[in-house]
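Visitor:
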Amino acid sequence: MKNFTLLAYLGIFTCTICFYSCSGSKEIPSADADATYKYYKVKKKNQKAVTGHVNSKEIVLKAYNVIQKHTTSDMNDIALSKITKTKSGYHWRFANVKTGKNYIATANHKFEAVNIYEKPKESKKIITNL
Numbered sequence: 596m597k598n599f600t601l602l603a604y605l606g607i608f609t610c611t612i613c614f615y616s617c618s619g620s621k622e623i624p625s626a627d628a629d630a631t632y633k634y635y636k637v638k639k640k641n642q643k644a645v646t647g648h649v650n651s652k653e654i655v656l657k658a659y660n661v662i663q664k665h666t667t668s669d670m671n672d673i674a675l676s677k678i679t680k681t682k683s684g685y686h687w688r689f690a691n692v693k694t695g696k697n698y699i700a701t702a703n704h705k706f707e708a709v710n711i712y713e714k715p716k717e718s719k720k721i722i723t724n725l
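Residue 677 in this note's numbering sits at position 82 of the sequence shown, with consecutive numbering throughout.
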């Protein structure tokens, strides 16, 4: 008799939970239309001002020629980022996808003075040790 009473209470409790969960609003919650997200780019003190990205074929070919001339990487292994025009010339990043190394390159407006240096890998810090 105790088992039957316990099963009856358990069944009523389960039905009550199902009823409350199914009887709620069927509207899908959406984001607030008034909420706006703004992204700000913070300029570092030693960073040069950016005037815009360059997409011309001539500049991209010059950048590839600089990479080919000053590195031993094949062009098929290079991933080139957008080239940015700065006050002193051009700035871009590229990666050797075969080795995983990242580089930063700068050049003057005539591509005569070129600086290429390897971007250091970020060290991963352990925050918690579980």
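Think of the CB as a built atom: it goes at the ideal place given N, C-alpha and C, for glycine as much as any other residue.
Predicted model only: the values in this text are computed from it and were never measured.
Just to check, is the beta-carbon of residue 676 closer than 7 Å to a non-hydrogen atom of the ligand ADP?
Guide: Of the ligands one can find in the structure shown there are none, so the ligand ADP has no counterpart to examine.
Visitor: Run through the DSSP bridge pairs and tell me what residue 665 is partnered with.
Guide: Walking along the sequence shown from the start, residue 665 turns up at place 70. Looking at the DSSP assignment, residue 665 forms no beta bridge with any residue, so it has no partner.
Visitor: Quick check: what's the CA-CA separation for residue 715 versus residue 611?
Guide: Within the sequence shown, the letter at position 120 stands for residue 715. Within the sequence shown, the letter at position 16 stands for residue 611. Approximately 60 Å between the Cα atoms of the pair.
Visitor: Using a threshold of 8 Å, state whether the C-beta atoms of residue 699 and residue 688 are closer than that.
Guide: The residue you call residue 699 lines up with position 104 of the sequence shown. The residue you call residue 688 lines up with position 93 of the sequence shown. Yes, these two residues count as a Cβ contact at 8 Å.
Visitor: Going by the DSSP bridge assignment, what does residue 675 pair with across the sheet?
Guide: As a working mapping, residue 675 is identified with position 80 in the sequence shown. 689, per the DSSP bridge assignment.
Visitor: Do residue 668 and residue 697 have their beta-carbon atoms positioned less than 8 Å apart in this structure?
Guide: As a first step, residue 697 is located in the sequence shown; it is residue number 102 there, counting from the start. As a first step, residue 668 is located in the sequence shown; it is residue number 73 there, counting from the start. No.
Visitor: Determine the burial state of residue 712: buried for a count of at least 16 other Cβ atoms within 10 Å of its Cβ, exposed for fewer.
Guide: Within the sequence shown, the letter at position 117 stands for residue 712. Classification of residue 712: exposed, given that the 10 Å Cβ count is below 16.
Visitor: State the Cα-Cα distance for the pair residue 679 and residue 658, rounded to the nearest angstrom.
Guide: The count along the sequence shown starts at 1 and reaches residue 679 at position 84. The count along the sequence shown starts at 1 and reaches residue 658 at position 63. Cα to Cα, the separation comes out at about 11 Å.
Visitor: I'd like to confirm the pairing. Which residues does DSSP put opposite residue 713 in its beta bridges?
Guide: Start at 1 with the first residue of the sequence shown, and residue 713 comes out as number 118. Answer is 698.
Visitor: Which residue from 604, 675, 653 and 676 puts its Cα closest to that of residue 704?
Guide: The residue you call residue 704 lines up with position 109 of the sequence shown. Measuring from the Cα of residue 704, the nearest candidate turns out to be 653.
Visitor: Apart from the five residues just before and just after residue 671, which ones in its own chain have a Cβ nearer than 6 Å to its Cβ?
Guide: Translated into positions along the sequence shown, residue 671 becomes position 76. Same-chain partners within the cutoff: there are none.
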